[in-house]
């Protein structure tokens, strides 16, 4: 009996020390580009998402359990923060184009596709002009899905992998653009709105999702999408185009 107990304890110890006490949590990194707002590095963890816009230099971050959405610039130490329930596309203001969630039309599943290790749900708008591929086999919570939908003005919630839009013939008339005022749409035919160029997996690092401390709070996020230098350059462009709307530096 004693020998049996010894063998049992030996097997139990072997099992305990050969299996980790807990599986390491992961975070995923997506490199994406958007047809109008440029390049993004997106970090996604179980209860957090961080979107770093490389083109304009600002970051959007939210995480549980409080789910405060922070939009900030590290270069100028400026931040705008709001509860996720109050986070809207309008917070970005002038610098975002008006996709209007693909005009509010319903999207339908058209099939499942596989690309490398990803399972993609292909969805399409009722008019078949917009097609969106969503990643289905990586974890993304509803709060993170909401933020990325607002950021990209997606027609549905989920983790986008690719998004195409058929803008039609631009000669048919003017449409709303991010400049406003009914300027002619610069895009024509089928364009890739969102493209994923690379995906990587890391061990979870809590410091990747820390809110910045000591930054100056702003009343809106519209002043964060461009740096002071970029605003000056843009204002010069508007003056050259004889357009009166300008950014405040």
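Residue numbers (this note's numbering): 27 to 275.
Backbone N, C-alpha and C fix where the C-beta goes; we use that ideal spot for every residue, glycine too.
Around the Cβ of residue 216, a 10 Å sphere holds fewer than 16 other Cβ atoms; the residue is exposed.
Setting aside the 5 residues that flank it on each side, residue 191 is surrounded in the same chain by 155, 156, 217 and 219, each with a C-beta closer than 7 Å to its C-beta; the list follows chain order. In the DSSP annotation of this structure, the continuous segment of the beta strand (DSSP E) that includes residue 89 starts and ends at 84-89. In the structure shown, residue 113 falls within a coil segment according to DSSP collapsed to helix, strand and coil. With contact defined as three or more Cβ pairs closer than 8 Å, the segment 73-93 and the segment 238-253 are in contact. DSSP lists 150 and 190 as the beta-bridge partner residues of residue 157.
For residue 97, the enclosing beta strand (DSSP E) stretches over residues 94-99. Partner residues in a beta bridge of residue 136, as assigned by DSSP, do not exist. Its chain contains 145, 146, 147, 148 and 162 as the residues whose beta carbon lies nearer than 8 Å to that of residue 138, once the 5 sequence neighbours on both sides are disregarded; these appear in chain order. Nearest in C-alpha terms to residue 85, of all of 93, 75 and 166, is 75. The residue from 222, 176, 242 and 168 with its alpha-carbon nearest to that of residue 90 is 168.
Between residue 193 and residue 158, the C-beta gap is not smaller than 8 Å, which leaves the two residues out of contact. Short of 8 Å from the beta carbon of residue 133, and not among the five residues preceding or following it, lie these beta carbons of its own chain, in chain order: 149, 150, 151, 152, 156, 158, 181 and 182. In the three-state reduction of the DSSP assignment, residue 174 falls in the helix class.
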